[in-house]
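Heads up, the working numbering is the position in the sequence shown plus 2, with the first residue counted as 1. A virtual CB, placed ideally from N, CA and C, is assigned to each residue, including glycine. Here the structure is a predicted model, which means the values were calculated and not measured.
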Amino acid sequence: MVIRAIVEQGQIRPLEPLPSEWVEGRELRVVEAESHEAPDQADTWSREMDILAAEPDDPEDWAHIEAALPEADIQAKACVRREMGLP
């Protein structure tokens with residue numbers, strides 16, 4: 003999850019609410035925002051990433067994911083074998 007923040011008086015101050023699962027003492031990684039991005043581009047990117055990274059909570063979604071994993075594994079192994087020139 004990406005949280006926007008600014009440096010203010012030597013402290014990092016979030017610009018939006020922190021997720022409830024972020025408890026006291028939790029270690030975080032802070033990455034400097036690229037200055038050439040327009041603020042609205044960063045906001046759009048952040049919202050899109052939140053949507054893409056949202057954990058599905060529908061049991062039917064999880065069932066579809068679980069059902070697709072074995073076939074994806076087979077396809078990935080076949081691709082590696084082809085790249086390595088193996089039968």
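Here the alpha carbons of W47 and L17 stand approximately 16 Å from one another. Closest in alpha carbon position to M3, among A69, E10, E57 and V9, is E57.
DSSP places I67 in no beta strand (DSSP E) but in the uninterrupted alpha helix (DSSP H) bounded by P61 to M86. Rounded to whole angstroms, the gap between the alpha carbons of E50 and A35 is 16 Å. Out of S22, P19, R6 and E10, the CA that lies nearest to the CA of R31 is found in R6.
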